[in-house]
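Take a look at the structure set out below.
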Amino acid sequence: QKVIVRDGQAVASRMALSKPAWVACTETTATLTIASAPAGARLEYKEYPEAWSAARSVALDGDAEKKVEVPGLNPGSTYQFRLAHASAVGPELVVDTQAPGCTPKPRRCVIA
4 QKVIVRDGQA
14 VASRMALSKP
24 AWVACTETTA
34 TLTIASAPAG
44 ARLEYKEYPE
54 AWSAARSVAL
64 DGDAEKKVEV
74 PGLNPGSTYQ
84 FRLAHASAVG
94 PELVVDTQAP
104 GCTPKPRRCV
114 IA
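In case it helps, the working numbering puts the sequence shown at residues 4 to 115.
Quick look at the structure:
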């Protein structure tokens, strides 16, 4: 946490939030890792070019590294993700979901 001091008085506090890291994407799901997040933080995300005021969010509990899966995304779209806590926001990660029909399907082996 960064504290801004003027004339010997703490006037503002800025939370240093990490940038989410990309793990994988399918047509409708993004999987990210969060290195650390303070209690009460949330992962905000939106489809580009929507405004951040229209963003959805996922609550995060605690500051341990965690993997977060975000389902319900639109295929072939660009999304922006960031951490938020109180009035602080972290750097953005931009992710493209895959186009319909491009997600590799698991192979099946049939022995007759």
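Backbone N, C-alpha and C fix where the C-beta goes; we use that ideal spot for every residue, glycine too.
Within a Cβ cutoff of 6 Å, which residues of the same chain sit near residue i, ignoring the five residues on either side of it in sequence?
i	result
THR81	TYR51, ASP99
VAL8	Only weak support is given to the placement of VAL8: the predicted model assigns it a pLDDT of 47, under 50, and the value that follows is read from those uncertain coordinates. Around VAL8: no qualifying Cβ.
ALA44	LEU63, LEU86, HIS88
Of the residues the options, which one's Cα is nearest the Cα of residue i?
i	options	result
ALA62	ASN77, TRP55, TYR48	TYR48
GLY75	GLU68, ASP64, LEU86, ARG59	ARG59
THR29	PRO41, SER39, VAL73	VAL73
THR32	GLY93, LEU86, PRO94, GLY79	GLY79
GLN101	LYS22, ALA27, SER21, LEU20	ALA27
ALA42	LYS70, LEU20, ALA57	LEU20
For chain C, find out if any of its Cβ atoms is closer than 9 Å to the Cβ of residue i; answer yes or no.
i	result
GLY75	Annotation note: the requested chain C is absent from the structure, which comprises a single protein chain.
DSSP state of residue i, grouped into three classes?
i	result
SER60	strand
ALA15	Per-residue confidence for ALA15 stands at a pLDDT of 41, beneath the threshold of 50, marking its modelled position as unreliable; the derived number appears in the next sentence. Here ALA15 sits in strand by DSSP.
If I follow the unbroken beta strand (DSSP E) through residue i, where does it start and stop?
i	result
LYS49	45-50
GLN83	81-88
GLU72	69-73
ALA24	24-28
ALA19	That residue, ALA19, is in no beta strand (DSSP E); it is neither H nor E in DSSP.
Can you give me the Cβ contacts of residue i inside the same chain, cut-off strictly under 7 Å, excluding the 5 residues immediately before and after it?
i	result
TRP25	LEU35, LEU96, VAL98
LYS22	GLY93, PRO94, LEU96
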